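A.B. asks: Residue numbers (this note's numbering), protein chains in the order written: chain A, 1 to 374; chain B, 375 to 748; chain C, 749 to 1122; chain D, 1123 to 1496.
Every residue, glycine too, gets a C-beta built ideally from N, C-alpha and C.
In this text the structure is predicted, and so the values were computed from the model without any measurement.
Below: one structure in structure tokens.
Number of protein chains: 4
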Amino acid sequence: MALTLMDGNEAVAWGAFDAGCRFFAGYPITPATGIYSTMLRILPPAGGIVLQGEDEIASLGFCLGASMAGYKAMTATSGPGISLFSENISLAIGSEIPVVIVDVQRLGPSTGYATKGADGDIQFLRWGNSGGIPPIVLAPVDVADCYTLTIHAFNLAERFRTPVFVAPSKEIGMTRESVDFDRLVASRPAPVERLPNPSDSPYIPFRVAAGEDVPRFAPIGGETISRQTSSTHGEEGYITSDSSVISAQVARLYRKIEATVDEFSFYQADTADGSETLVITYGVTSRAARRACVELRAEGRSVSQLFLKTLWPVPETLIRNIAEPYRRILVVEANLGQYVREVEHVLKNKTVDFLGVMDGRLIEPVRIKEVLRE
Amino acid sequence: MALTLMDGNEAVAWGAFDAGCRFFAGYPITPATGIYSTMLRILPPAGGIVLQGEDEIASLGFCLGASMAGYKAMTATSGPGISLFSENISLAIGSEIPVVIVDVQRLGPSTGYATKGADGDIQFLRWGNSGGIPPIVLAPVDVADCYTLTIHAFNLAERFRTPVFVAPSKEIGMTRESVDFDRLVASRPAPVERLPNPSDSPYIPFRVAAGEDVPRFAPIGGETISRQTSSTHGEEGYITSDSSVISAQVARLYRKIEATVDEFSFYQADTADGSETLVITYGVTSRAARRACVELRAEGRSVSQLFLKTLWPVPETLIRNIAEPYRRILVVEANLGQYVREVEHVLKNKTVDFLGVMDGRLIEPVRIKEVLRE
Amino acid sequence: MALTLMDGNEAVAWGAFDAGCRFFAGYPITPATGIYSTMLRILPPAGGIVLQGEDEIASLGFCLGASMAGYKAMTATSGPGISLFSENISLAIGSEIPVVIVDVQRLGPSTGYATKGADGDIQFLRWGNSGGIPPIVLAPVDVADCYTLTIHAFNLAERFRTPVFVAPSKEIGMTRESVDFDRLVASRPAPVERLPNPSDSPYIPFRVAAGEDVPRFAPIGGETISRQTSSTHGEEGYITSDSSVISAQVARLYRKIEATVDEFSFYQADTADGSETLVITYGVTSRAARRACVELRAEGRSVSQLFLKTLWPVPETLIRNIAEPYRRILVVEANLGQYVREVEHVLKNKTVDFLGVMDGRLIEPVRIKEVLRE
Amino acid sequence: MALTLMDGNEAVAWGAFDAGCRFFAGYPITPATGIYSTMLRILPPAGGIVLQGEDEIASLGFCLGASMAGYKAMTATSGPGISLFSENISLAIGSEIPVVIVDVQRLGPSTGYATKGADGDIQFLRWGNSGGIPPIVLAPVDVADCYTLTIHAFNLAERFRTPVFVAPSKEIGMTRESVDFDRLVASRPAPVERLPNPSDSPYIPFRVAAGEDVPRFAPIGGETISRQTSSTHGEEGYITSDSSVISAQVARLYRKIEATVDEFSFYQADTADGSETLVITYGVTSRAARRACVELRAEGRSVSQLFLKTLWPVPETLIRNIAEPYRRILVVEANLGQYVREVEHVLKNKTVDFLGVMDGRLIEPVRIKEVLRE
């Protein structure tokens, strides 16, 4: 076993590469720039394309164009850049354009203190588009997750033709850890490819075949004519105001994501016999929680943990199943209460406590222990 | 009583005017353009300023600048424009800049079918900024509300130094109704003005006096030096990474809005003795609900209604108090389930049913009746 | 006589004000920012409007819009900003929109050394638009000229419905001189107003009445419908591909400026009996030339001078008349030879020598004397 | 001999390709879009890059970046796009960045009649940058020239590290001609490559070796540190205000282009014994002139012709030598008199007549014959 020293941004870039990503466009912003610079180093020698857009709007626009032409595409930014993405995210959702967007979160509001981290964009990533249709959001806990979840992100983007977010915080993106990278690579998920239209059938851009939940793909600029519009459209890809068509299309956009979440509910659980409390966390905070649990167990207190790595759609079945035995739930977040709302929603009949901090610092294990001792 | 024929956009403009708004900057988009054109007609003759920005980003930027200089300022757009506002909204929240933003909602995702309405931005308005700090969102039911709630919006923006959204849908903004405008004007809320710094004390831009919850105001460019930064800052307005300062500032930004919502929980309730079900709605859908209830009562069925006009922060006390007697709650929305999440959260122990439609059409009373009859 | 200490930028602003300018939009750039800040101080209290655009393109765009609505409008920038104006200049020329543009020239190429001056844009101002149709360019020698020529610039813009440039260099714009401002104001040119359409005749936007050389004006947004297009158009303001119409329109755009230059050939001449050489200069270099001539005369050498203040269209008659008696012409410019080309063109049969410098410094009198002694 | 049917835009693209161009960025505009679409077809399969920028500013910016990284880069647009290039052209001149810019001219002013052609940008291409330092401008007469001159343009850009314009009009760019393309390719100029820094000497970005006139090149991002600034700079590439350094740098920028024009004075001459008149033209107008001369010769009148293909710097020696025997010169241009100014300047002692048209139509041979018969 040879350990590599690598930060989360590099791991995201290598994950993208190993997922088959060959197009990256971005605009520099600390703490996400490391992804850009790594892509710049590794993509072009492999025949890939790396671009700096005139701004964040252009960068995501380039990615959508590249994706429509058949590339696996990614961009990366932080909160102030995510703030410029909503229009294109909504386009990607409505027109079913696969794309991976990395949000290396920093402290808000606004530019916050550049650059200290926090998980301030958790609801923004879910709701930051007009219309309210859900994207997928994955949250890594460490550098290894940055690699593996980025591959999953591409696979989900291709599988469901949707934008998928990867949402580390600055503390993961810019901190180097030693990681057994060879092992990570050896056990990586197999890449998933967009399903092309069968060659023996005519191409209807947004028609969904029986037994499938997303339309087949034909690249813009290819032999087959493909059609895209930012407007409500029917199977043919033409704008429509037919309410039954709109209704069916919108319902399918919800269903393809929300009804399938059990297939991609990534998590890590560490349950201990006899413990009454389950700590639910995500992101870098999970590591403080892990440490707190280890220390409490050393003191003889039994505490269980669930680290969520799929945040959206909410993995309700997963949360419900794992939380079932526990009397008390503690959600810990690097914000003033975002994902706890979802946990409360899923676990209506349980006591859900919350510890949240948003002051530019990591939540320390000692603070979690204090709450758990209460 | 003389009735006037007026649409919601005109009513918003007159509400703004009567609230003391003298600055409007916008970029045209159906269905919000009527607000722009009305402001263009009424503001300049009164010494006010109306500007078209180069785009939506510039438009809201102009408003923030005008507000910092002491103007009551407003912009108006629809979903695709709101999609470009996040960066400036986050700035306004973090730097406590009063501004009123009207979102005449149309059908998404993306450009949807321009222009059919829906209430697709309800969660976007709450969460569409980096950091997750709450703004205020008001939702009119009709043209009269457009007038009155816009005045409230300005009053709240000034009172709490925060962005306030007014969120009609296209069906309210662009539909003319007969309204007793003279009576509306006669009973309008009194304008609230930003509190200036007392002349006998030095000005510390973000210091909050004892017993107050927002800092006093001094205009940029005035005699007193004021300071603004998009970064985390202390009382003096200088950037800081001091976690106790950041923590206190962020907590206050939450508290000033969330702890005071009982002061501005606008609503309309129509409760009937003996009814088991409470229909909760907002926006234009309320009018279909009202019609459904009238018809059901004519059939001898007792149904009660609550029309929420303050959506964010969630008026929890209000909802809890009014819902208390009812066994069943039905939330009806012109989307696939956005605000129902909040109602479920507040009313954990009740059965909350949901009827949502997002197909470009108004929800008809008959559909609500069908669900209520179940 | 009371002297005022004033720099060229302030004088430009006051000239604009006294010419009736009530609209200014700009984007800050040293060495032109003083015009912006002065306008900001004096225009709003008089009911005028001052705007910062999102960039230089928006700023000039705002000015054109304001002008089309009837305002006398001005913007001010330097070389890098002028570099973004070409599209709108071409629009203003083709659509006959009056506007005054101040170019406080600094050293190029590109950003040069910010901020040292030079007269590097002299040909750029003439030719920096697609199609090659001429604007008017005036060049002040000192602060007094900044005031007076700016008034002339507005008068010419209104009279000929065309963009007019005022082109000081950084050395004039940002240098304070003592000036008898009261006398300047007392002897200022009377403001010229755009000629409106006679009330008794229908309005044809681009029709030129008999005996006139530009069409009458009706403001956009006024009672009369006006039409503008950036395309080739006939009298009615509709796009046309009729070659005879295009030909007549283009010819008129040339003629109205070039055939009338004798009406506005501003200059200052200091001729001495018996001198064989005429020094032709413009801008701040004129002052070095003046000093050189004074010193040479003290030595007993007779030299004459012509300071051109109208640069474009080339005041050929003026140059020819004044230069007639001289055997030798010396053109001195703060660039490597721009306007000397025009002088050579007009004075084909004379010896035209040239002294040009472009190194960030003012041309010193001693260098001019050296050349004159040759 | 196999003839190919090809338009000027395609020929430009193939010329670029055969010159070694592997980077193209542009923004679509008729009549230049054919270059973009052809590059899109031929460059990527050869490992080249084709990009659409967010606008013209970004497009040329991309090209400059690519060029600084070592690519041979090209963009193509028309007048309204050229109008957005000045800032980047000035940067390319001052920082000595090779780039080829194609201006497929259409009728101005402003958008003119899209799309009819004219040669309206001839002075704009020379003077459309702040500072007045000259670029190189080549003008093709036909499709074959589009191919060959584009190769020359790249060679000159690389040789002199400067922007080079290729300036056909719409009538050449969008008109298909039959051309013996194999022969053209067989006789094409050999590609010229940027001279790298010798490996045995340290790299000083703007130092010019003895006997050379431009600095050697090292790519940005390569092993050697290179430096660029848009400001005045010395050999080291750092900003400087040292007037002797600035003066030397600016003088060299002029000299490297103007003193070498005899090396690249492209032209075609058809002189006839005994003719008194020489017709000087360029661009598509040359073809009408050729036809006029043929017809006049058939009538027994002897007329000579000179088609200039290098317009800037003005090939003075060439013009002077060829024009020497003629009493009368006629310049014909598709504008109202732009290049005739240069001819008059060079041939001060000759009668220079002018025929110019700018009405959206080609100049017909019959009109030229009329003038020649006078």
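Following the continuous alpha helix (DSSP H) through A157 of chain A, name the residue where it begins and the one where it ends.
C.D. replies: It spans V143 to F160 - the alpha helix (DSSP H) in which A157 of chain A sits, taken as one unbroken run.
A.B. asks: Which residue spans inside the region 165 to 204 of chain A form an unbroken alpha helix (DSSP H) run of at least 4?
C.D. replies: DSSP runs (the alpha helix (DSSP H)) wholly in the region 165 to 204 of chain A: 170 to 173 and 181 to 186.
A.B. asks: Thinking just about the alpha-carbon of each residue, which of B:V619, B:A708 and B:R741 is nearest to the one in C667 of chain B?
C.D. replies: Comparing Cα positions, the closest option is B:R741.
A.B. asks: Does any residue of chain B have a CB that is nearer than 8 Å to the CB of M358 of chain A?
C.D. replies: Interface residue, yes.
A.B. asks: Look up G856 of chain C in the DSSP assignment and give the residues it is bridged to.
C.D. replies: According to DSSP, G856 of chain C bridges with nothing at all.
A.B. asks: Enumerated in chain order, which unbroken segments of the beta strand (DSSP E) with a length of 3 residues or greater are wholly contained in the region 51 to 109 of chain A?
C.D. replies: Segments of the beta strand (DSSP E) lying fully in the region 51 to 109 of chain A: 73 to 77 and 99 to 103.
A.B. asks: For V214 of chain A, which residues in the same chain have their Cβ closer than 7 Å to its Cβ, ignoring the five residues on either side in sequence?
C.D. replies: Answer for V214 of chain A: E96, F160, R161, V208 and K256, listed in chain order.
A.B. asks: Can you tell me whether DSSP reads Y1389 of chain D as helix, strand or coil?
C.D. replies: Three-state result, Y1389 of chain D: strand.
A.B. asks: For E54 of chain A, return the contacting residues in chain B, with the cut-off set at a CB-CB distance below 7 Å.
C.D. replies: Per Cβ cutoff of 7 Å: no residues; E54 of chain A is ~14 Å from chain B at best.
A.B. asks: Does any C-beta atom of chain A lie closer than 8 Å to the C-beta of A1180 of chain D?
C.D. replies: So yes, A1180 of chain D belongs to the interface.
A.B. asks: Residues in its own chain within less than 6 Å of I322 of chain A by CB, not counting five upstream and five downstream?
C.D. replies: Cβ within range, chain order: A269 and L306.
A.B. asks: CB-CB under 6 Å to V1009 of chain C, same chain, minus the five flanking residues each way: which ones, in chain order?
C.D. replies: Correct list, in chain order: P1061 and P1063.
A.B. asks: Just the C-alpha distance for D1243 of chain D and P1257 of chain D, rounded to the nearest angstrom, thanks.
C.D. replies: Rounded to the nearest angstrom, the two C-alpha atoms are 14 Å apart.
A.B. asks: Taking 8 Å as the CB-CB limit, is I35 of chain A close to chain B?
C.D. replies: So no, I35 of chain A is outside the interface.
A.B. asks: Please report the distance separating the alpha-carbon of F810 of chain C from that of G468 of chain B.
C.D. replies: Whole-angstrom Cα-Cα distance: 30 Å.
A.B. asks: Taking 7 Å as the cut-off, is the beta-carbon of F591 of chain B closer than that to any non-hydrogen atom of the ligand MG?
C.D. replies: Among the components of this structure there are no ligands whatsoever, and the ligand MG is therefore not found.
A.B. asks: Under three-state DSSP, which class holds D6 of chain A?
C.D. replies: The residue you asked about is not Asp; residue 6 of chain A is Met in the sequence shown. Correct three-state label for M6 of chain A: strand.
A.B. asks: For G300 of chain A, count the other beta carbons within 10 Å of its own beta carbon; 16 or more makes it buried, fewer makes it exposed. Which is it?
C.D. replies: Exposed, since its Cβ has fewer than 16 Cβ neighbours within 10 Å.
A.B. asks: Report yes if the C-beta distance between I837 of chain C and V998 of chain C is below 8 Å; otherwise report no.
C.D. replies: Going by C-beta atoms, I837 of chain C is not nearer than 8 Å to V998 of chain C.
A.B. asks: What are the start and end residues of the beta strand (DSSP E) that includes R671 of chain B?
C.D. replies: It is not in any beta strand (DSSP E) - R671 of chain B instead sits in the alpha helix (DSSP H) that spans T659 to A672.
A.B. asks: Which two residues bound the contiguous alpha helix (DSSP H) that contains I790 of chain C?
C.D. replies: Looking at the DSSP string, the run of the alpha helix (DSSP H) that includes I790 of chain C is T781 to I790.
A.B. asks: Using DSSP with H/G/I as helix, E/B as strand and the rest coil, what is G1170 of chain D?
C.D. replies: Here G1170 of chain D sits in coil by DSSP.
A.B. asks: So, does the CB of T1025 of chain C fall closer than 8 Å to a CB anywhere in chain D?
C.D. replies: Chain D contact via Cβ: absent.
A.B. asks: Quick check on this structure: which residue in A:A218, A:Y113 and A:D359 has the alpha carbon closest to the alpha carbon of P202 of chain A?
C.D. replies: The candidate whose alpha carbon is nearest that of P202 of chain A is A:A218.
A.B. asks: Comparing alpha-carbon positions, which option in A:T33, A:S302, A:A114 and A:A288 lies nearest G274 of chain A?
C.D. replies: Considering only alpha carbons, the answer is A:S302.
A.B. asks: Counting only beta-carbon atoms, is A767 of chain C nearer than 8 Å to chain D?
C.D. replies: Not one chain D Cβ lies under 8 Å of A767 of chain C.
A.B. asks: If contact means a Cβ-Cβ distance below 8 Å, which residues of the region 1364 to 1377 of chain D contact chain C?
C.D. replies: Correct list: S1365, S1366, I1368, S1369, V1372, A1373, L1375 and Y1376.
A.B. asks: Within the same chain, show all residues whose beta-carbon is closer than 6 Å to that of S807 of chain C, passing over the 5 residues directly before and after it, in chain order.
C.D. replies: Hits under 6 Å: A773, G774, Y775, G801 and T823.
A.B. asks: Indicate whether S304 of chain A and T277 of chain A have their beta-carbon atoms separated by less than 8 Å.
C.D. replies: Taking 8 Å as the Cβ cut-off, S304 of chain A and T277 of chain A qualify as a contacting pair.
A.B. asks: Tell me where the alpha helix (DSSP H) around S243 of chain A begins and ends.
C.D. replies: Residues S243 to E258.
A.B. asks: Going along the chain, which residues of its own chain have a beta-carbon closer than 6 Å to the beta-carbon of R22 of chain A, five neighbours each way excluded?
C.D. replies: These residues qualify, in order along the chain: G48 and Y71.
A.B. asks: Looking at the structure shown, is A592 of chain B part of a helix, part of a strand, or coil, going by DSSP?
C.D. replies: Looking at A592 of chain B - three-state DSSP - the assignment turns out to be coil, as it is neither helix nor strand.
A.B. asks: Does the beta-carbon distance from T1099 of chain C to R1068 of chain C come in below 8 Å?
C.D. replies: No, the pair does not count as a contact, with Cβ atoms beyond the cut-off.
A.B. asks: Output the distance between the C-alpha atoms of V745 of chain B and G234 of chain A, rounded to the nearest integer angstrom.
C.D. replies: Taking the straight line from one Cα to the other gives about 28 Å.
A.B. asks: Note down the Cα distance separating D766 of chain B from A814 of chain C, rounded to an integer number of angstroms.
C.D. replies: No information on residue 766 of chain B is available, as it lies outside the stretch 375 to 748 that chain B covers here.
A.B. asks: Helix, strand or coil, according to DSSP, for F17 of chain A in the structure here?
C.D. replies: It is helical.
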